[in-house]
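So in the working numbering, spot 73 of the sequence shown is number 72, and the numbers just go up one at a time.
Quick reminder that beta carbons are idealized off the backbone N, C-alpha and C, glycines included.
Okay, so here's the structure we're looking at.
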Amino acid sequence: MTDHDYRVRLEVFEGPMDLLLFLIRKDEVDIHDIPIASITDQYLKYLEDLRGHGSGLIDIDLAGEFLVVAATLMEIKSRMLGPKPVVAAAGDAPAKEATDPRAELVRQLLEYKKYRDAADALDQRAETWRRRYAAAPAGVPDDALQAAIENSQDVELEDLDLADLAEAFRRIAETVNFDRLGEHQVTYDDTPIEVHAEAIVQTLSQVPERGEMEFASIFTGKKRHEMIGLFLAVLDLVRHRRIAVRQESDARILLRLRDEPEQQLPATAGENAANAAG
C-alpha cells in the first residue's frame, strides 16, 4: 500500500475525534457512557489495519494525532480495569465526573460533536442551495433597452470597468520605491473605509466649480496601506453613486462628485453614537 493510498484512507476521518465519534455512533452507544474497552480495541484495530497493509510503519506526520488519542484510550482503559478509588464520606462525596477516567474524553467528544453537527448542517444547506436554479431574467425588448441607454445621463463606467481601476491602482502602487526605503514593517491600518471615503468627497468638493480630479492624484504622498484604503473607498463611493468615474482618450481616469447622490454611505460608528447621544 503506497503512502498515497494510506493518506486517502486516513482522510476519511477529519481527525481522531471524528474516528471516535464514528465508532460510537456505529455501536449505537451513549456518548456519556462510552464502553471504553470495546471502543479502544476498535480504534487500535483501525490503526493496525492501516499499518498491516503497508510497510509495517505508520507515517507519524499523517497519524500523529491518531496515535496520541490511541495512547489516551489505552491509559483510560487501564484505569477503568484498575481498582476503583475509595468513595468519600457521604457529606463529601466527589462528583461522578471527577472520578470517571472517561470524563475528559467525553467532554472533548461533546465539544467536537457540537462543531461537527454545525458543519454538517452548513454542508446540507450549501447542497440545498446548489440544487436550486435561478429564474431566468425577464426579457427586455431591444427598442426599450436602446431608449433607456439614449435617455440615460452620466452613466459612469460606461467605458470603464473594475479591471481598469485595478490596473490604474497597480501602476500607481508600482511608483512607490520600497528599495529606496530599505527595510520596512508591514503596517496594520484599521482606518474605516468610510473615513477614506469622506476624505475623498471632501477633496472633490474643493475642486473649483465641482470639476474633475485625476484618479492618480488622490494617492500622491500616501503610504502603501493608505493607498489600499483609498482605492477601496473609491470603489465604495462608485457603488453608492456618490462619485462618477470616466476615462479620457489618453487613458487618464477622472473622478468627480455627483450633484445629487442617490444613496449615502452607511453612517460610521462614531456618527451613530453621536446621533444616539443627541
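DSSP places ALA250 outside both helix and strand once states are collapsed to three, so it counts as coil. For the pair LYS76 and ILE35, the CB atoms are nearer than the 8 Å cut-off.
Non-local beta-carbon contacts of ARG101 in its own chain, meaning distances under 7 Å to residues more than five positions away in sequence, involve ILE33, ILE35, ILE75 in chain order. DSSP places VAL244 within a strand segment (E or B) once states are collapsed to three.
A distance below 6 Å between beta-carbons, with the five flanking residues on each side excluded, links TYR111 to the following residues of its chain, in chain order: MET16. In this structure, DSSP gives ARG124 a helical state, which the three-state scheme calls helix.
In the structure shown, ARG255 adopts extended strand secondary structure according to DSSP, grouped into three states.
For THR39 and ALA69, the gap between their C-alpha atoms comes out near 7 Å. Leaving aside the five residues that flank THR190 on each side, the residues in its chain whose CB is nearer than 7 Å to its CB run, in chain order, GLY228.
Secondary structure note for SER204: its alpha helix (DSSP H) is the uninterrupted segment 192-204. Residues ILE38, GLN41 of the same chain have their beta carbon placed closer than 6 Å to that of LEU22, with the five preceding and five following residues left out of the count. The closest CA to that of HIS239, considering only GLU193, ALA250, ALA215, is found on GLU193. By the 16-neighbour rule on beta-carbons within 10 angstroms, ALA167 is buried.
In the three-state reduction of the DSSP assignment, GLU47 falls in the helix class. Judged by DSSP in its simplified three-state form, GLU225 adopts helix. At least 8 Å separates the beta-carbon of ALA196 from that of ASP163. Taking a C-beta distance under 8 Å as the contact criterion, MET212 and THR219 do not qualify as a contact pair. Assignment of GLU103 by DSSP, reduced to helix, strand and coil, places it in the helix class.
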